[in-house]
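> Chain order of the listed sequences is A and B.
If you're matching positions, the first sequence starts at 2 in the working numbering and goes up one per residue.
If you're matching positions, the second sequence starts at 50 in the working numbering and goes up one per residue.
Provided herewith is a single structure, encoded as structure tokens, for subsequent inquiry.
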Amino acid sequence: MKQEKTPEQRQYEQKVNEMMPKSRTGFQCIKAFISGGIICCIGQLISDVGSLMFTFTEKSRGAFTSIVLIFLGMLLTGIGVYDKIGKFSGAGSIVPITGFANSIVAPAMEYKREGYILGVGANMFKLAGPVLVYGIASSVLVGLIYCIIYALGGKA
Amino acid sequence: MNSNRVGKQSVIFHTAPRILTSAAIAGDMEGEGPIGTYFDMILEDDTWGEDSWEKAERKMYIETVKIACDKAKCDYRKLDCLLGGDLLNQIISANFAARDLGTPYLGLYGACSTMSESLLCCAMLTDGGYLTQSACIAGSHFSTAERQFRFPLELGSQNTATAQRTVTGTGCAIVVSGDNEQKSSEQNSRIYNTVHIVGGTIGKVVDMGITDSNNMGAAMAPAAVSTFTGLLADFNKTADDFDLIVTGDLGRLGGTLFCDMCAELGVDVRNKYLDCGNIVFAESQKVDCGGSGCGCSAVTLCGYLLKRMEEGDFKNAVFMATGALLSPTSTFQGESIPGIAHAIILERR
Numbered sequence: 002m003k004q005e006k007t008p009e010q011r012q013y014e015q016k017v018n019e020m021m022p023k024s025r026t027g028f029q030c031i032k033a034f035i036s037g038g039i040i041c042c043i044g045q046l047i048s049d050v051g052s053l054m055f056t057f058t059e060k061s062r063g064a065f066t067s068i069v070l071i072f073l074g075m076l077l078t079g080i081g082v083y084d085k086i087g088k089f090s091g092a093g094s095i096v097p098i099t100g101f102a103n104s105i106v107a108p109a110m111e112y113k114r115e116g117y118i119l120g121v122g123a124n125m126f127k128l129a130g131p132v133l134v135y136g137i138a139s140s141v142l143v144g145l146i147y148c149i150i151y152a153l154g155g156k157a
Numbered sequence: 050m051n052s053n054r055v056g057k058q059s060v061i062f063h064t065a066p067r068i069l070t071s072a073a074i075a076g077d078m079e080g081e082g083p084i085g086t087y088f089d090m091i092l093e094d095d096t097w098g099e100d101s102w103e104k105a106e107r108k109m110y111i112e113t114v115k116i117a118c119d120k121a122k123c124d125y126r127k128l129d130c131l132l133g134g135d136l137l138n139q140i141i142s143a144n145f146a147a148r149d150l151g152t153p154y155l156g157l158y159g160a161c162s163t164m165s166e167s168l169l170c171c172a173m174l175t176d177g178g179y180l181t182q183s184a185c186i187a188g189s190h191f192s193t194a195e196r197q198f199r200f201p202l203e204l205g206s207q208n209t210a211t212a213q214r215t216v217t218g219t220g221c222a223i224v225v226s227g228d229n230e231q232k233s234s235e236q237n238s239r240i241y242n243t244v245h246i247v248g249g250t251i252g253k254v255v256d257m258g259i260t261d262s263n264n265m266g267a268a269m270a271p272a273a274v275s276t277f278t279g280l281l282a283d284f285n286k287t288a289d290d291f292d293l294i295v296t297g298d299l300g301r302l303g304g305t306l307f308c309d310m311c312a313e314l315g316v317d318v319r320n321k322y323l324d325c326g327n328i329v330f331a332e333s334q335k336v337d338c339g340g341s342g343c344g345c346s347a348v349t350l351c352g353y354l355l356k357r358m359e360e361g362d363f364k365n366a367v368f369m370a371t372g373a374l375l376s377p378t379s380t381f382q383g384e385s386i387p388g389i390a391h392a393i394i395l396e397r398r
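Written as structure tokens, this is what we have:
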């Protein structure tokens, strides 16, 4: 329900867009690509080192890597380093699972002052909530489609 | 009657209320900025020993009033009124500070324009004889504003290039009636002898349809232009009649837009224009488009500009703090960001 813009408002918007300092998208994409890649390499390292130390199946190796990465993401958020990494790498540190850990720990830390129930409990998923809701909803949807195709006799 | 009104939206103060003294407390990053040496106190720790940022902000309010009263050699309990506000929901910092100080209190909310709003209201009440000695205060805190308006601090997100950083700081000015005899003869005194508020313009809310809450400068610039041109028309003056024109927190983009739009209307302000958001942080401090928040104009005025004025660096100035009247709710519902600016005219007498 957005209001229609008047001609003056549109003219002003155009003027602002012309004078606006531009975010350097290309440069930031490269930074995000490299730093996201580094995080993934660290993940691969954890996975490889893990399978040398323990006996893993393919599935449990993935779970082990995720757990360690989430722990690292949380730890770095807690000691106040992750936001600095995020300033530099943008999407590069948001997309990997460490970014998800960051988006849960950051509000949890911030709302601790409002108490554990109504503060931390109520606000912990403030940022991650939408990801969970739509992530789970779309996985259910994909599962249903898969199920229907399978029932119709297609081979999966 | 009505002799104090000028034109459509302005007021003139025949008794010219005087600013007796001022004080400012700022955060560490502001302390490292270009005008850092002018502040009365610089916080080393952004919680100031309290257990939340909100409490730290409140403490800043209380201490700023106390420092200002101390400079004016008056007891804060004897203030006629405290006028001020902040950025938080239900202006809690100002309300709780007023509770602790125990002075009569009028809470104001003008977003980042609160400093000029409180000075304007206070000057009107003082000129009308309702107040004789009162304190005007405004302030903000980076961490409390960030969590209310944006994201948690520890979240690793990037700012857009037009974002501005909320200033941590509070500024307080003690306003007395124009015939107040308290003067100081000492050199480097902490009391101002010459700074008077001679008039002001009440701003209109102007909305040019900006919806990006990371681009406040552009949202507020049209309001500053509206107030400034209204002031010039009401007082029948030109920009040449003033030595200095100050806006609150338009930042680098908003400041350029302001000059540009004034120029389109035939008002040249370029060589006497100053924006608090541009001088409170240096460009090297990586704050994108500059400072913002009510603390921005408050610490710059109370810490820096009034001292420069008392020293005689400029004779008269227009001080226009600008405010973006948004809330997280209105932004999420897709509303545009209305802006407002109130102006006061300061003069050496």
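All residues carry an ideal CB built from backbone N, CA and C; glycine is no exception.
Whole angstroms are fine: how far does the CA of F88 (chain B) sit from the CA of V60 (chain B)?
Walking along the second sequence from the start, residue 60 (chain B) turns up at place 11. Walking along the second sequence from the start, residue 88 (chain B) turns up at place 39. Straight-line Cα distance between these residues: approximately 31 Å.
> What whole-angstrom Cβ distance do V254 (chain B) and C311 (chain B) have, given they're in contact under 8 Å?
Position 205 of the second sequence holds residue 254 (chain B). Position 262 of the second sequence holds residue 311 (chain B). V254 (chain B) to C311 (chain B), Cβ: 19 Å. No contact.
> Kindly give me the distance between the Cβ atoms of G339 (chain B) and F330 (chain B), rounded to whole angstroms, as I take these residues to be in contact under 8 Å.
The residue given as residue 339 (chain B) occupies position 290 in the second sequence. The residue given as residue 330 (chain B) occupies position 281 in the second sequence. With a Cβ gap of about 6 Å, G339 (chain B) and F330 (chain B) count as contacting.
> Does any residue of chain B bring its CB to less than 8 Å from the CB of K60 (chain A)?
Counted from its first residue, the first sequence places residue 60 (chain A) at position 59. So, not an interface residue.
> Cutting at 7 Å between CB atoms, please list the residues of its own chain near S226 (chain B), excluding the five before and the five after it.
Walking along the second sequence from the start, residue 226 (chain B) turns up at place 177. Sequence-distant Cβ neighbours of S226 (chain B) in its own chain, meaning closer than 7 Å and more than five residues away, are T64, P66, T175, T181.
> Any idea what DSSP makes of E396 (chain B), helix, strand or coil?
Counted from its first residue, the second sequence places residue 396 (chain B) at position 347. Strand at E396 (chain B).
> Could you run through the region 66 to 85 of chain B and flag, in chain order, every residue whose CB is less than 8 Å away from some CB of chain A?
For the region 66 to 85 of chain B, which is checked against every Cβ of chain A, not one residue is closer than 8 Å.
> Do three or more CB pairs link the region 79 to 94 of chain B to the region 301 to 315 of chain B at distances below 8 Å?
no
> Helix, strand or coil, according to DSSP, for F191 (chain B) in the structure here?
Taking the second sequence and counting its residues from 1, the one referred to as residue 191 (chain B) is at position 142. In the structure shown, F191 (chain B) sits in a helix (DSSP, three-state: H, G or I).
> Compare the C-beta of T26 (chain A) against all C-beta atoms of chain B and say whether one is closer than 8 Å.
Counting from one through the first sequence, the residue named residue 26 (chain A) turns up at place 25. Output row for T26 (chain A): interface = no.
> Along the beta strand (DSSP E) that carries F368 (chain B), what are the first and last residues, could you check?
The residue labelled residue 368 (chain B) in the question sits at position 319 within the second sequence. 365 to 373 is the span of the beta strand (DSSP E), which, as asked, contains F368 (chain B).
> Roughly how many angstroms separate the alpha carbons of S376 (chain B) and G133 (chain B), rounded to a whole number?
Here residue 376 (chain B) refers to the residue found at position 327 when the second sequence is read from its first residue. Here residue 133 (chain B) refers to the residue found at position 84 when the second sequence is read from its first residue. S376 (chain B) and G133 (chain B): Cα-Cα distance of roughly 19 Å.
> Use the C-beta contact count for M257 (chain B): other C-beta atoms within 10 angstroms, 16 or more gives buried, fewer gives exposed.
Taking the second sequence and counting its residues from 1, one reaches residue 257 (chain B) at position 208. Result: buried.
> Whole angstroms is fine: what's the gap from A272 (chain B)'s alpha carbon to T305 (chain B)'s?
Taking the first residue of the second sequence as position 1, residue 272 (chain B) is located at position 223. Taking the first residue of the second sequence as position 1, residue 305 (chain B) is located at position 256. For A272 (chain B) and T305 (chain B), the distance between alpha carbons rounds to 14 Å.
> Within 8 Å, do at least three Cβ pairs link the region 380 to 390 of chain B to the region 352 to 366 of chain B?
no
> Work out the CA separation of V121 (chain A) and K174 (chain A) for me, nearest whole Å.
Nothing about residue 174 (chain A) can be reported from this structure: the residues present for chain A run from 2 to 157 only.
> If the cut is a Cβ gap below 9 Å, which residues of chain A does G258 (chain B) touch?
By one-based count along the second sequence, residue 258 (chain B) stands at place 209. The answer, in chain order, is Q4, K6, T7, E9, Q10, R11, Y13, E14.
> Examine the Cβ distances between the region 137 to 144 of chain B and the region 93 to 110 of chain B and report whether three or more of them are shorter than 8 Å.
yes
> Counting contacts by CB-CB distance shorter than 8 Å, is Y83 (chain A) in contact with chain B?
Here residue 83 (chain A) refers to the residue found at position 82 when the first sequence is read from its first residue. Interface residue, yes.
> Taking the alpha carbon of Y241 (chain B) as the reference point, which residue from B:G85, B:V55, B:C351 has its own alpha carbon closest?
Here the question's residue 241 (chain B) lines up with position 192 in the second sequence. Y241 (chain B) has its Cα closest to that of B:C351, out of B:G85, B:V55, B:C351.
> Which residue marks the beginning of the alpha helix (DSSP H) containing D95 (chain B), and which one marks its end?
Residue mapping note: residue 95 (chain B) aligns to position 46 of the second sequence, counting from 1. Careful: D95 (chain B) lies outside any alpha helix (DSSP H) and carries neither H nor E.
> Are any of the Cβ atoms in chain B nearer than 8 Å to that of G120 (chain A)?
For the purposes of this step, residue 120 (chain A) is identified with residue 119 of the first sequence, where counting begins at 1. Nearest CB-CB separation between G120 (chain A) and chain B: not below the 8 Å threshold.
> If contact is defined by three or more beta carbon pairs under 8 Å, each pair taking one atom from either stretch, is the region 193 to 212 of chain B in contact with the region 147 to 165 of chain B?
no
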